[in-house]
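Inspection log for the structure reproduced underneath, given as structure tokens.
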Amino acid sequence: AWWFVVFLCKDWRDEFQLSMFVITFKASQFVAGVVQAIFVGAILYSSCIPDCSSADAPGSHPAFREALVLFLVRVALCWAALCLLPFATVKGGYRYEPLRGELRLKDVARKGGR
16 AWWFVVFLCK
26 DWRDEFQLSM
36 FVITFKASQF
46 VAGVVQAIFV
56 GAILYSSCIP
66 DCSSADAPGS
76 HPAFREALVL
86 FLVRVALCWA
96 ALCLLPFATV
106 KGGYRYEPLR
116 GELRLKDVAR
126 KGGR
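Residue 84 in our numbering sits at position 69 of the sequence shown; the count goes up by one each step and never skips.
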């Protein structure tokens, strides 16, 4: 739910915001999805080794299906941001044209006071 709210708050026409959304999303997905799943899966598997029935096996819990659906929703959000990327424009950076009344980059003193 958090990433859906973050995705809705982004400017879909800004290339930088879409790129940063994908990068931070994939980084958090790696930490939350991969590293956590390794530990949880290892604990469930090691607890199942001595006496394991099909009802206690990893992946047979009811919350597994909900987690799988939420994972697929997160993947769909990432692909939606990637699909919007070709239609985004560059805002800011060297191509930024200031509005009337704003200071131009060359008018502002650089680091070092020169």
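Ideal Cβ positions, reconstructed from N, Cα and C, are used throughout, including at glycine.
Quick caveat, the model's predicted, so the values are computed rather than measured.
- Item | Limits of the alpha helix (DSSP H) - the one that L92 falls within | P77 to L99
- Message: Using 8 Å as the cut-off, can you tell me whether the stretch 83-102 makes contact with the stretch 19-36, which would need three or more C-beta pairs spanning the two stretches below that distance?
- Response: yes
- Reference A16, options F40, W27, Q32 and L97, closest by Cα: F40
- How many angstroms separate the CA atom of I58 from the CA atom of L83? 19 Å
- Query: Do you know offhand how far V55's Cα is from V21's?
  - Reply: 27 Å
- Is there at least one non-hydrogen atom of the ligand NAD closer than 7 Å to the beta-carbon of V46? In the structure shown, the ligand NAD is absent, as is every other ligand, since no ligand is present at all.
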